[in-house]
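Residue numbers (our numbering), protein chains in the order written: chain A, 6 to 324; chain B, 6 to 324. Glycine included, each C-beta is placed from N, C-alpha and C at the ideal position. Here the structure is a predicted model, which is why all the values come from computation and not from measurement. Following: one structure in structure tokens, then a few remarks.
Number of protein chains: 2
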Amino acid sequence: MKIKLQQAADVLQQADDILVLSHKSPDGDTLGSASALCTALQRLGKHVRFACSDPIVPKYENLFAQLKPEEFEPKFIVAVDIADTQLLGEETEQFKDSIDLAIDHHMSHKEYAKMSYVDGTAASTTQIIYELFCMMGVSIDKQIANCLYTGLCTDTGCFRYSNTSATTLRIAASLMDAGADAAEINRIMFDTKSRARLNVERLAMESIAFYENGRFDIMEITEEMMTQSGATEGDIEGLAALPRQVEGVLIAATLREKKTGGYKISVRATPPYDASAICAQFGGGGHKGAAGCVIEDEKENVKKKLAEAVSGYFRSQGI
Amino acid sequence: MKIKLQQAADVLQQADDILVLSHKSPDGDTLGSASALCTALQRLGKHVRFACSDPIVPKYENLFAQLKPEEFEPKFIVAVDIADTQLLGEETEQFKDSIDLAIDHHMSHKEYAKMSYVDGTAASTTQIIYELFCMMGVSIDKQIANCLYTGLCTDTGCFRYSNTSATTLRIAASLMDAGADAAEINRIMFDTKSRARLNVERLAMESIAFYENGRFDIMEITEEMMTQSGATEGDIEGLAALPRQVEGVLIAATLREKKTGGYKISVRATPPYDASAICAQFGGGGHKGAAGCVIEDEKENVKKKLAEAVSGYFRSQGI
């Protein structure tokens, strides 16, 4: 059942023994939302605990610094930033049919909770949690401000992407007023890369090949590059954005070699072009700006198929 | 003479035949400030023209799209974002002793104008121009909002750096309300790199060498790399930030080979460490976060000298 944010505020005020869930491979928004909610609800005197199928990487550990560990059988389960119960992962999928409240900002949200509040116009789920806290009269201290700011900045590429609204910036300003360590959080989230990332990025950059007079390019991330650089999946997060950044490129594809053979393809497009139109041809999908698909073939064939698809797409667009 | 912003508003209201100057090698803030000021003053019916010693690179051309070209002998000269008349450059240094009003946000501002308004706490000069426009009752339309937003976002690394205040974010929000194409400007300023930049970045990354158990690193930008990649000075803007981003690095140095021999060194430090303490040992200076110096020696000697200086500094800090 879809509910209003004020109703979500009301049910949370009445709930106790609350379990808050983040999605698997947790990012700054799902963790910022969960940690803010857990910390705020504990301060209201409630019993609260947190669960996630995957471990929290060190850069996000501080978010949970003021959360007291508690053990109890949950009576109320909240899912934050989880668009689909498939994203719960192994450890928490046991809760998939008993989630009481879902708070999310994904347009693609598949209703699974007893009550859902979804605002697809919010830049991040923490933006919604901020508004929820205002309704609940939660006092936003430095720790909670840091949690909410982390979700805001990570989901907007530090206020760079088109999901950033004037409201997003004003909430970020209020969080700074409340003591958020914005510059320090930004440094950790945006100005830090592992040595493995540095190396895999360099190797991937070297692989970039241009097509269609420089309007389409393909970057490779092979298993050999991963081994050579010592990179893990976490190290290549966001790397698919790189080939689209090259001047003149309208569509970019990144080929990620699968361990089992074949390639996972990430396509990015400069407005007004449509990445999902390319991926749809290979049974994939996504948004205009970013889409994905899988092609089970040898590398050179994969590149040929993509180049042909993009060439056809460009012709259909009259370019 | 130092004046209040209201006085700057008053003198601008009375002035006419106004020449607005930007600093040489113009960036988004000096051009955003100048274009906003010129456009707004022309809309008030004044005669206004703009001058800069260096050409405007294509990504900033749109800022001046609504400025009507005019010819006149200036009666009032305004310098924006210019900390020192040495930054005027060849074409405009003729005006250095006749500048009526300077508006700037550099702490290091050397007073040279008849009247100066300097606010070192402002993230950008466009932040001051915004406040000036509010005092002058200038209506901020889409074009002026785009000019002001460009200065705000470029000088703060898209609201990433510690100069970003809650006020900066609220002004950015107001500019979005006024129609600023924030996402599009951010894409052009932050998500676009030339092929030459891509190549020189890759070569420079390859050169990174680590010292002091990975707490200090050195990156090279040689003349050979510049030639091989086809990069110009504009293509290596901001590249010195890269070696500091590597996980575990507390101090990073970038060596830029000078055409005449010797090296220009850019040092970056992670808080609380001090880049200027390193550069001071070689007759240079700067801020805690970023400093510079010149060392006239062979490359290997330069690297050795820097590694020794950083080692001594680390010992003095007890690490």
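- Residues of the region 139 to 170 of chain B that bring their beta carbon within less than 9 Å of a beta carbon in chain A comprise Cys158, Gly162, Cys163, Phe164, Arg165, Tyr166, Ser167, Asn168, Thr169 and Ser170, in sequence order.
- Per DSSP, B/Cys298 is not a residue of any alpha helix (DSSP H); the beta strand (DSSP E) it occupies stretches across Ala295 to Ile300.
- Around the CB of B/Ile324, fewer than 16 other CB atoms lie within 10 Å, so the residue is classed as exposed.
- Taken in chain order, the members of the region 248 to 262 of chain A whose beta-carbon sits within less than 7 Å of a beta-carbon on chain B are Gln250, Val251 and Glu252.
- Between the region 116 to 126 of chain A and the region 51 to 66 of chain A there are fewer than three C-beta pairs closer than 8 Å, too few to call the two in contact.
- Cβ neighbours of A/Met112 within its own chain (closer than 6 Å, five residues either side excluded): Gly125.
- Against B/Asn191, the close residues of chain A are Gly162, Phe164, Arg165, Tyr166, Ser167 and Thr169, in the order they occur along the chain (beta-carbon pairs closer than 9 Å).
- DSSP, read as helix, strand or coil, puts A/Leu36 in helix.
- B/Leu36 and B/Arg192 have their C-alpha atoms spaced approximately 18 Å apart.
- When beta bridges are read from the DSSP output, B/Arg54 appears opposite B/Leu24.
- Here A/Lys308 is buried. Its C-beta has 16 or more other C-beta atoms within 10 Å.
- Identification of chain A residues near B/Arg175 by a Cβ-Cβ cut-off of 8 Å yields Leu174, Arg175 and Ala178, ordered along the chain.
- The Cβ atoms of B/Ser38 and B/Gly142 lie no closer than 7 Å to each other.
- Three or more beta-carbon pairs separated by less than 8 Å are not found between the region 70 to 80 of chain A and the region 178 to 189 of chain A, which leaves the two stretches without contact.
- Under DSSP, A/Ser121 forms a beta bridge with A/Lys7 and A/Ala107.
- In this structure, the straight-line span from the alpha carbon of A/Lys198 to that of B/Glu252 is close to 5 Å.
- Going by DSSP, A/Val83 is part of the beta strand (DSSP E) stretching over Phe81 to Val85.
- Under a 10 Å Cβ-count criterion, A/Arg320 is classified as exposed, with fewer than 16 other Cβ atoms of the shown protein chains found around its own Cβ.
- Contact between A/Leu137 and A/Leu10 holds: their C-beta atoms lie close to 6 Å from each other, under 8 Å.
- Of the residues A/Phe69, A/Pro248 and A/Ala201, the one whose Cα lies closest to the Cα of A/Leu153 is A/Phe69.
- Beta-bridge analysis with DSSP links A/Ser271 to A/Thr259 and A/Gly297.
- Sixteen is the threshold: when 16 or more other Cβ atoms of the shown chains lie within 10 Å of the Cβ of B/His110, as they do, the residue is buried.
- The contact set of B/Asp22 on chain A, defined by CB atoms closer than 8 Å, is empty, because the minimum CB distance reaches about 37 Å.
- In this structure, A/Ile82 places its C-beta atom within 7 Å of the C-beta atom of A/Ser103.
- Around the C-beta of A/Met6, fewer than 16 other C-beta atoms lie within 10 Å, and the residue is accordingly described as exposed.
- Rounded to whole angstroms, the separation of the alpha carbons of B/Asp222 and B/Ile213 is 7 Å.
- In the displayed model, B/Ile176 falls within a helix according to three-state DSSP.
- Near chain B, meaning a CB-to-CB distance below 9 Å, no residue of the region 87 to 109 of chain A qualifies.
- Annotation: B/Glu301 to A/Ala171 spans about 49 Å, alpha carbon to alpha carbon.
- Beta-bridge annotation (DSSP): A/Asp222 is paired with A/Phe215 and A/Ala257.
- For A/Val251, the secondary structure class from DSSP, reduced to helix, strand or coil, is strand.
- Neighbours of B/Glu211 in chain A, taken as residues at a C-beta separation under 7 Å, are given in chain order as Arg207.
- For a cut-off of 8 Å, the C-beta gap from A/Thr90 to A/Ile108 is around 15 Å, too long to register as a contact.
- A distance below 7 Å separates the beta carbons of B/Ser281 and B/Gly291.
- When rounded, the separation of the alpha-carbon atoms in A/Glu242 and B/Ser167 is 25 Å.
- One finds Ala171 in chain A with Cβ atoms closer than 7 Å to the Cβ of B/Asp182, taken in chain order.
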